[in-house]
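Visitor: Got a structure for you, written out below as structure tokens; questions coming shortly.
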Amino acid sequence: MKTLLLWDIDGTLTLSGGAGMHALQVALQQEFGLARPLDDIDYAGRTDRWIMRQIFGKAALPDTEANLTRFLNAYLAELPRALQNPGTRILPGVSAALTALAARPHFTQALLTGNVERGARIKLGHHGLSHYFPFGAFADDSQWRNDLGPVALRRARELLGVEFPPERVFVIGDTPHDIACGKIIGARTIAVATGQYSVEELRTHAPSAVFPDLSDTAAFLRAIGAAD
Ligand SMILES: [Mg+2]
71 MKTLLLWDID
81 GTLTLSGGAG
91 MHALQVALQQ
101 EFGLARPLDD
111 IDYAGRTDRW
121 IMRQIFGKAA
131 LPDTEANLTR
141 FLNAYLAELP
151 RALQNPGTRI
161 LPGVSAALTA
171 LAARPHFTQA
181 LLTGNVERGA
191 RIKLGHHGLS
201 HYFPFGAFAD
211 DSQWRNDLGP
221 VALRRARELL
231 GVEFPPERVF
241 VIGDTPHDIA
251 CGKIIGARTI
261 AVATGQYSVE
271 ELRTHAPSAV
281 FPDLSDTAAF
291 LRAIGAAD
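For our numbering, count along the sequence shown from 1 and bump the result up by 70.
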């Protein structure tokens with residue numbers, strides 16, 4: 071029986087030390103000549119496309135596909151440079167968990183992230199983690215995170231020929247949005263308090279399990295049925 075793990079990136083696998091927001095600010099300045107702080111947007115758990123549309127709304131810029139493409143391309147061009155900051159890191163226990171799971175052939179790892187795929191690959195590639203995730207669902211697929219679970223399941227079916235039953239799918243993330251998008255597809259949900267939400271806050275959204283971080287590898291593997 072195979073199990074599918076759908077991982078969030080920011081606040082779950084890695085922290086980018088504000089690189090994403092910084093790259094958005096640089097892109098906004100370069101492409102649209104606007105210098106404004108972006109700290110009035112609650113972006114945790116949101117998709118890149120949703121965040122950019124919020125910025126367009128607040129800056130009174132036309133919310134067109136052409137503007138979105140310009141913004142995205144400038145953001146992605148700046149992102150590698152923005153990741154060169156001391157706050158960027160892999161979160162505790164993540165490397166050990168990914169290594170342990172890669173050695174278990176019954177476990178498939180993929181992404182379910184609000185990043186566009188190119189951004190996800192830049193962020194994970196910065197830490198040498200991209201190869202763990204052969205596919206995923208991204209902001210390219212929808213601006214709504216709740217749409218991304220079905221996309222991830224469809225890709226698993228198309229690429230692997232496997233129909234994962236909901237009880238063999240885990241969505242792992244750091245925000246209530248991750249928990250919600252997992253529940254919509256009937257998946258089990260693992261919340262991890264390494265982003266902006268505490269264990270107590272995440273618990274109120276009733277995930278299947280919640281961890282302060284993933285440093286207890288054995289406990290995490292038990293929670294997803296991967297213990298030896
Ligand atoms: Mg996150």
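Cβ coordinates follow ideal geometry from the N, Cα and C atoms, glycine included.
Just so we're clear, the structure is a prediction, and the values are computed from it rather than from any experiment.
Starting from residue 169, follow the alpha helix (DSSP H) in both directions and report where the run begins and ends.
Guide: Residue 169 -> alpha helix (DSSP H) spans 164–172.
Visitor: What are the start and end residues of each continuous alpha helix (DSSP H) run of 4 or more residues lying completely inside the stretch 235–269, in chain order?
Guide: The qualifying runs are 246–254.
Visitor: Quick check on residue 86: buried or exposed, where buried means 16 or more other Cβ atoms within 10 Å of its Cβ?
Guide: The residue in question, residue 86, is buried, as its Cβ has 16 or more Cβ neighbours within 10 Å.
Visitor: In chain order, what residues have a CB nearer than 6 Å to some heavy atom of ligand 1?
Guide: For ligand 1, the selected residues are 78, 80, 81, 82, 115, 243, 244, 245, 265.
Visitor: Taking its Cβ as the centre, do 16 or more other Cβ atoms sit within 10 Å of residue 269, making it buried, or is it exposed?
Guide: By the 10 Å Cβ count, residue 269 comes out exposed.
Visitor: Is it the case that the Cβ atoms of residue 251 and residue 215 are separated by a distance below 7 Å?
Guide: Cβ atoms of residue 251 and residue 215: closer than 7 Å.
Visitor: For residue 100, which residues from the same chain have a beta carbon less than 6 Å from its beta carbon, with the 5 sequence-adjacent residues on both sides left out?
Guide: Correct list, in chain order: 144.
Visitor: Three-state secondary structure (DSSP) at residue 154?
Guide: Coil, per DSSP.
Visitor: Quick check on residue 232: buried or exposed, where buried means 16 or more other Cβ atoms within 10 Å of its Cβ?
Guide: By the 10 Å Cβ count, residue 232 comes out exposed.
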